[in-house]
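Engineer:
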Amino acid sequence: MALTAPQLQALTTTQLSALSTTLFAAMSGRELSFLTSTQFAALSSTNIAGLTSTQLKGITTSDFAALTSTQFPSLTTTIIGLLSPLQFQALGATALASLSTTQATGLTSTQIGGITATAFATLSSTFLSGLTNTQIAGITTTQIAALSTTDVTFLTNTEILEMAATQIGALGAANFAVLSTTTIGGLATTQLAKLTSAELGAITTTQFGVLTATQLGGLKTTQIVAIDSNTFAGLTTTQFAGLTATQIAALTRAQFGTLTTTDITMLTSQQIAALKPAQLAGFDTTTFAVLTTTQLSGLTSMQVKALSTTVIASLTTTQLSGISTTAIAALTPTQLSVLSTTDVATLTTAQISGFTRTQIAALTTDQISNIAASGLTPGQITALTANQIGALTTTQIAGLTTTTVRSLRPSEMAGLTTTQIPALTTDQVAVLTVTELGALNITQGAAFTTTQLANMATTQINAIPGMSTS
């Protein structure tokens, strides 16, 4: 005959602790549900070990919460595996801490996830180091965040690498800092992508040193800039090769300042083009000296404007030839003023043709006498002063296109010397307008050669002061 609730609750703890296994096995789940928590805690470990799945259904969560560290180890792995989420959540930290290795392996991922964060943080090193892949999947980010640095050291390399990206991201800065280099080097890019700025900010130089180029290349820019510049200084050339143009462009000035000349030589033109002007402004002449023409071809107008005059002056003629016409056109008058005559002489006609009127006007007479004048456009030639026109060599004068010559203003014609005028080609003099010729003085007019005059129209000759055919 089944016992009623009053009858069962009338039993003393002494009577219950002495209950035979036969009598206990005969009790139904309903009868067990009548026991108070105090009575349940008095049951012998032998009887606890004999619990059946049918009896289990009648045990309340409050009874499970009353299990002692002596009783709990007696539960079979089968019974533990059958515990409902509510029953398992009712287990106290003391009971959970007494889990045996055998019992722990029987826990489901759902049960693992049901452990409170506080209780999870009290689990033994044996428990933490023995988690299966399935169990790891059940660990919540809240539980992971509750682990101490000591707890994290109990987790095996295999366990951590099995964690989901969100779980890795929940470790926290202090816990991430104690991960072994083996673990760090084995993290997938998806796991690394979930690391917080605080976690990456706590990464040690040793840990940073084992990250592969692929791992670094998968980091977000917000993560890259979170790395301490002193740690970033340990970047190897192999690691540097893994950084994308976007990542390099995001580097802080402090991080960028740690790059070696070897690192700089590895930058592609695309990476150079992605750099912020402020980053380039941090380059000294030694750093800039290692850049190749291919790398310099990636410079943008904004970047060129950010370069100091010291850096501009340090550029070799070979380096200058690698800068695009668009970038050259961005040089300020102050920057242009530090270019030597040799530098100016190496500028291509394409680069010269890209100069703005303001740049042309800023050139000194020494610089003017060394440029590839054939590259001067009609718009540029009109920006020159009479003194600048007078500084052109006879070779430069002869190299001007007929269109450019025809564009000379009267004030510029007045700047031509008696040495330059004879250097004009027959094609050039043939296109001179009467207005241009009329701006000359008698001395200049007398400098035209008979060959030049023979290629002029009568109206042109009549326009030259002191020389009339009538």
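Numbered per the working numbering, the sequence shown spans residues 159 to 628. Positions of the beta carbon are idealized from the N, C-alpha and C atoms, including for glycine.
1. Using CA coordinates, which residue listed in LYS215, THR266, GLY392 and GLY596 is at the minimum distance from ILE361?
2. Among the residues of its own chain, which have a CB less than 6 Å from the CB of VAL502, if the five just before and after it don't count?
3. On the three-state DSSP scale, how would you describe LEU319?
4. Using a threshold of 8 Å, state whether the C-beta atoms of VAL469 and PHE441 are closer than that.
5. As a quick exercise: from LEU319, GLY367 and LEU337, pick the residue whose alpha carbon is nearest that of THR348.
6. Who are the Cβ neighbours of THR300 in its own chain at under 7 Å, not counting the five residues just before and after it?
7. Using only CA atoms, which one of THR500, ALA488, GLY271 and THR314 lies nearest to GLN517?
8. For the segment 542–572, list the alpha helix (DSSP H) runs that are entirely contained and at least 4 residues long, ordered along the chain.
9. Cβ atoms of THR576 and THR601: under 8 Å apart, would you say?
10. Closest to LEU478 by C-alpha separation, out of THR492, MET460 and LEU505, would be which residue?
11. Is the Cβ-Cβ distance between PRO231 and SER202 less than 8 Å?
12. Quick one: Cα of ALA572 to Cα of SER482, how far?
13. For ASP309, which of helix, strand or coil comes out of DSSP?
14. Which one of SER472, LEU521, THR474 and GLY480 has the shortest CA to CA distance from PRO491?
15. Here's a check: name, in chain order, each residue in its chain whose Cβ is nearer than 8 Å to the Cβ of SER511, leaving out the five neighbours to either side.
16. Can you grab the Cα-Cα spacing for the pair ILE297 / THR394, in whole Å?
17. Among ARG188, THR419, LEU425 and GLN428, which one has its Cα closest to the Cα of THR443?
18. Where do the N-terminal and C-terminal ends of the alpha helix (DSSP H) with GLN167 fall, by residue?
19. Counting along the chain, where does the alpha helix (DSSP H) carrying PHE446 start and finish?
20. Taking the beta carbon of SER569 as the centre, do at least 16 other beta carbons fall within 10 Å, making it buried, or is it exposed?
21. I'd like the span of the alpha helix (DSSP H) that includes GLN461, first residue to last.
22. Straight-line CA distance for GLY480 to ALA346?
23. Put THR475 into one of helix, strand or coil per three-state DSSP.
Structural biologist: This is what the structure gives:
1. Reading the sequence shown from its first residue, position 203 is the one you call residue 361. Ranking the options by Cα distance to ILE361, first place goes to GLY392.
2. Walking along the sequence shown from the start, residue 502 turns up at place 344. Same-chain partners within the cutoff: GLN525, ASN528 and ILE529.
3. In the sequence shown, the residue the question calls residue 319 occupies position 161. In this structure, DSSP gives LEU319 a helical state, which the three-state scheme calls helix.
4. Counted from its first residue, the sequence shown places residue 469 at position 311. Counted from its first residue, the sequence shown places residue 441 at position 283. Taking 8 Å as the Cβ cut-off, VAL469 and PHE441 qualify as a contacting pair.
5. Within the sequence shown, residue 348 is the residue found at index 190, counting from 1. That would be LEU319, whose Cα lies nearest to the Cα of THR348.
6. Position 142 of the sequence shown, counted from the start, is the residue given in the question as residue 300. Excluding sequence neighbours, THR300 sits near ALA275.
7. Counting from one through the sequence shown, the residue named residue 517 turns up at place 359. Minimum Cα distance to GLN517 is reached at ALA488.
8. Every unbroken stretch of the alpha helix (DSSP H) spanning 4 or more residues and falling wholly within the segment 542–572 is given here in chain order: 544–549, 552–557, 560–564 and 568–571.
9. In the sequence shown, residue 601 corresponds to position 443, counting from 1. In the sequence shown, residue 576 corresponds to position 418, counting from 1. Cβ atoms of THR601 and THR576: closer than 8 Å.
10. Taking the first residue of the sequence shown as position 1, residue 478 is located at position 320. Nearest Cα to LEU478 within the set THR492, MET460 and LEU505: LEU505.
11. The residue given as residue 231 occupies position 73 in the sequence shown. The residue given as residue 202 occupies position 44 in the sequence shown. No; because the gap between Cβ atoms is not below 8 Å, this pair is not in contact.
12. Counting from 1 along the sequence shown, the entry for residue 572 is found at position 414. Counting from 1 along the sequence shown, the entry for residue 482 is found at position 324. Roughly 34 Å separates the two Cα atoms.
13. For the purposes of this step, residue 309 is taken as the residue at position 151 of the sequence shown. Assigned with DSSP and collapsed to three states, ASP309 falls in helix.
14. Against the sequence shown, residue 491 aligns to sequence position 333. Checked all of SER472, LEU521, THR474 and GLY480; the closest Cα to PRO491 is LEU521.
15. If you number the sequence shown from 1, residue 511 lands on position 353. These residues qualify, in order along the chain: THR483, GLY533, LEU534, THR535 and GLN538.
16. Counted from its first residue, the sequence shown places residue 297 at position 139. Counted from its first residue, the sequence shown places residue 394 at position 236. ILE297 and THR394: Cα-Cα distance of roughly 36 Å.
17. For the purposes of this step, residue 443 is taken as residue 285 along the sequence shown, with counting starting at 1. Sorting ARG188, THR419, LEU425 and GLN428 by C-alpha distance to the C-alpha of THR443 places THR419 at the top.
18. Position 9 of the sequence shown holds residue 167. Note, GLN167: alpha helix (DSSP H), 163–167.
19. Against the sequence shown, residue 446 aligns to sequence position 288. Counting along the chain, the alpha helix (DSSP H) containing PHE446 begins and ends at 443–446.
20. As a first step, residue 569 must be located in the sequence shown, where it is residue number 411. Burial call: exposed.
21. In the sequence shown, residue 461 corresponds to position 303, counting from 1. For GLN461, the enclosing alpha helix (DSSP H) stretches over residues 459–464.
22. Residue numbering aside, residue 480 sits at position 322 when the sequence shown is read from its first letter. Residue numbering aside, residue 346 sits at position 188 when the sequence shown is read from its first letter. Rounded to the nearest angstrom, the two C-alpha atoms are 40 Å apart.
23. Start at 1 with the first residue of the sequence shown, and residue 475 comes out as number 317. Under the three-state reduction of DSSP output, THR475 falls in the helix class.
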